[in-house]
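In our numbering, the protein residues as written are 2 to 315.
All C-beta atoms, glycine included, are put in the ideal place defined by N, C-alpha and C.
Bear in mind the structure is a predicted one, so any value in this text is a computation, not a measurement.
The structure appears right after this line, and notes come after that.
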Amino acid sequence: MIEISNLTKRYGSINAIHNLNFSVKKGEIIGFLGPNGAGKTTTMKIITGFMAPTSGSVKIAGFDVFENPIEVKKRIGYLPETPPLYSDMLVKDYLRYVAQIKGLPSSQIEPGVARAIEKANLGQVQKRLIGNLSKGFRQRVGVAQALVHNPDVLILDEPTVGLDPKQVIEIRNLIKELSGDHTVVLSTHVLPEVTATCQRIIIINKGEIAAEDTFEGLSKRMTSTRRFYVKIRRTGDFEAQVKKIVGVKGIRPGTAGNSYEVELDKNDDSNEMLAEAIVKSGAGLMEFRSIDVSLEDIFLKLTTTDVAQQGATL
Ligand SMILES: Nc1ncnc2c1ncn2[C@@H]1O[C@H](COP(=O)(O)OP(=O)(O)OP(=O)(O)O)[C@@H](O)[C@H]1O
Ligand SMILES: [Mg+2]
């Protein structure tokens, strides 16, 4: 649904994005994750046709954004970093106005507005002034204006920034509900955002893609070893015994009493061997589970300068 090829944008001497390539399938939700200044907003402005790239191309449903802008605008909805909301307009009037500018035929304006109000759950505030709404509801109006012409593709630039935790959850749920019918690209520098909503993650750093995968895939690729949490009843010479087991790279005491973190080779059956050896040792195995890598770990690894190169070679 979205095809991005060799996209480069320079602002004078600043290389905001460099040779980006990625594609997004129909119905997918993609998390576009990167630190401040990584080039997220720049990429989104180009995808939506608000800004021309220095070189490269973007296609939406097969239409080139700059050769067929009208076909593309019909298919794309955009929630910018700062949505252009008119605070002295009523919610419903504003959505009618946006539908008109987007060129919706007059017979489709009322149904389009009604659908956007329903999807963004704005029913109770549709007759209120935008300026009097809470920030969370204003953000919903921003999402509704992106949806009003029922586009196939939604580009959302940091949709939950500045919202309180309850509103964050509401907006996340809204985005999840929109997937399937819509292809969604969501930018954020808040890590939990992408694990909560996205099927695939693209990490961008200094204008280049540092990694692209599912969260599970990223976790796997980032670690050459696996870590396990082990809790036993009797410690004795447990540490020394574990060190002798084939595949064990290291062991260190955990935070709770009688617990350890054991680092293992990424070999498929090393965990089975470890569990078996602990049971046989008579230490009284009480708990055994793998320790997940957090997205924070991956993000830091991939966006910290010297390790970014390591990420790129994975
Ligand atoms: N209009 C502009 N003129 C000059 N430089 C710009 C302009 N817009 C963005 N930049 C620069 O391009 C780079 C990428 O910026 P961009 O806004 O795309 O990053 P971002 O990933 O959206 O960051 P944030 O998380 O802070 O929103 C930055 O170095 C920024 O300073
Ligand atoms: Mg931005």
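Checking the DSSP bridge columns, you'll see Y261 partnered with V231, P254. Straight across, the Cα-Cα distance linking L148 with K93 is about 13 Å. Using a Cβ distance threshold of 8 Å, I210 and L21 count as a contacting pair.
Residue G104 holds the alpha-carbon nearest to the alpha-carbon of I77 among F229, R173, G104, Q140.
Comparing C-alpha distances from E4 to each of V263, V66, K167, N122 shows the shortest one belongs to V66. Remark: the shortest separation between the CB of G163 and any heavy atom of ligand 1 does not fall under 7 Å.
Apart from sequence neighbours up to five positions away, the residues of its chain that approach T161 with a beta-carbon distance below 6 Å are V169, I172, ordered along the chain. When DSSP states are grouped into helix, strand and coil, D298 belongs to the helix group.
Checking the 7 Å criterion, the Cβ of T256 is out of range of every heavy atom belonging to ligand 1. In this structure, DSSP gives R129 a state outside helix and strand, which the three-state scheme calls coil.
Residue pairing by DSSP places Y87 in no beta bridge whatsoever. Rounded to whole angstroms, F64 and G218 show a C-alpha spacing of 31 Å. K74 counts as buried, since at least 16 other C-beta atoms from the protein chains shown sit within 10 angstroms of its C-beta. Straight-line measurement puts the Cα of I156 at about 8 Å from the Cα of T49. By alpha-carbon distance to I15, the top candidate from Q125, T43, I30 is T43. By the Cβ rule, the segment 267 to 282 counts as touching the segment 220 to 240, because three or more pairs are nearer than 8 Å.
For G137, the closest C-alpha among the options F289, E213, D165, L286 is that of D165. For the set R139, E82, P193, the Cα lying nearest the Cα of L91 is the one of R139. When the alpha-carbon of A284 is set against those of H150, Y261, I61, the nearest one is in Y261. If you check the CB distance, P36 and I47 do not come in under 8 Å. Contact between M2 and D214 is absent: CB atoms are separated by about 19 Å, not below the 8 Å threshold.
A direct Cα-to-Cα measurement between L8 and I204 gives close to 16 Å. Partner residues in the beta bridge of A212, as assigned by DSSP, are I204.
If you check the CB distance, V185 and I299 do not come in under 8 Å. The C-alpha of K10 lies about 37 Å from the C-alpha of E119. With distances taken between CA atoms, E178 lies nearest to V144 out of T189, V144, S188, P193. G40 is positioned such that its CB atom lies no closer than 8 Å to that of I202. At a threshold of 7 Å, H19 does not count as near ligand 1, since its beta carbon sits no closer than that to any of the ligand's heavy atoms.
Any heavy atom of ligand 2 within less than 7 Å of a residue's beta carbon puts that residue on the list, which reads K41, T42, E82, D158, E159, S188. Within the same chain, M274, L275, A278 come within 7 Å of I246 by CB-CB distance, once the 5 residues on both sides are set aside. The beta carbon of A197 is closer than 6 Å to those of R173 in its chain, skipping five residues each way along the sequence.
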